[in-house]
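S.K.: Take -2 as the starting number for the sequence shown in my numbering and just add one per residue. Before anything else, here's the structure in question.
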Amino acid sequence: MRWRVNNETRQKLLADRAEQATGFLQRFKGLMGRRSLAVGEGLHILPCNSIHTFFMRIPIDVVFLDRQGVIVKQLSALPPWRATSVYFQSRSVLELPAGVLDASGTREGDRLTFEEVS
């Protein structure tokens, strides 16, 4: 199943082919081993309040979202082999290609929505 992710606050499309990771193994693997993440792709990890980029090969943009889809923390171009803090307000995390947040003007406090696409 794919998802379209919109920044409702700024009226910007962040991803049109995002995947969702809800099971333990999906969440554990995340983007590890991926050689690239194309513009339009992303991974929504649910539930989640911290991540790591161990064994990853690419930098990623990361947003931590509360239950209403509001960004409580964002990290731009997080490099491989890093770990984030725990953000207790976060219910989920969206991982995007590096540069998407800056290009879209996305900021903490913005609200994101997820729409299933076929």
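Built from N, CA and C at the ideal position, the CB exists for glycine as well.
Using 8 angstroms as the Cβ pair cut-off and three pairs as the minimum, do the region 63 to 75 and the region 13 to 31 touch?
M.R.: As far as the Cβ criterion goes, the region 63 to 75 does not touch the region 13 to 31, which means the pair count is below three.
S.K.: Within the chosen definition, does the region 36 to 43 reach the region 71 to 81 through at least 3 CB pairs nearer than 8 angstroms?
M.R.: These segments do not touch.
S.K.: Have a look at Phe111, Ala12 and Ile48 and flag the residue whose alpha-carbon is nearest the alpha-carbon of Ser87.
M.R.: Closest option to Ser87, Cα to Cα, is Ile48.
S.K.: First and last residue of the beta strand (DSSP E) that includes Gln86?
M.R.: Gln86 -> no beta strand (DSSP E), and no H or E assigned at all.
S.K.: For the region 35 to 112, list the beta strand (DSSP E) runs that are entirely contained and at least 3 residues long, ordered along the chain.
M.R.: With a minimum length of 3 residues, the continuous beta strand (DSSP E) runs that stay inside the region 35 to 112 are 38 to 42, 57 to 62, 68 to 75 and 89 to 94.
S.K.: Quick check: the Cα distance between Leu11 and Arg32, rounded to an integer number of angstroms?
M.R.: Rounded to the nearest angstrom, the two C-alpha atoms are 20 angstroms apart.
S.K.: Whose CA, out of Trp0, Glu112 and Arg108, lies closest to the CA of Arg7?
M.R.: Taking only the C-alpha atoms, the option nearest Arg7 is Arg108.
S.K.: Who are the near neighbours of Val60 in its chain, counting only those whose CB is closer than 6 angstroms to its CB and skipping five residues on each side?
M.R.: Only Ile68, Gln71 and Leu91 meet the Cβ criterion.
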